[in-house]
Amino acid sequence: MSINKTRGLLYAIARLLGDINAISSGSPAKIGKRAARRAAGRATGKALRRIFK
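Heads up: the sequence shown begins at 2 in the working numbering, then just goes up one per residue.
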């Protein structure tokens, strides 16, 4: 397994743990913020990908 694949796996695990942490807090505000920020990040990533493709 290459370093890049290992790094990608670690980042994916970190994102998952962040989601679990927000859900386990039980606060709807934290869960909503997390979902909104992830959606905004995905939209930004897609827009940047189109620009720099």
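Even glycine gets a Cβ: it sits at the ideal position worked out from N, Cα and C.
- CA-to-CA, the gap between A30 and I4 works out to about 36 angstroms.
- The Cβ atoms of R35 and G19 lie closer than 8 angstroms to each other.
- About 6 angstroms separates the CB atoms of I32 and I24; that is less than 8 angstroms, so the two are in contact.
- Of the residues N22, R16, L11, M2, the one whose Cα lies closest to the Cα of R43 is R16.
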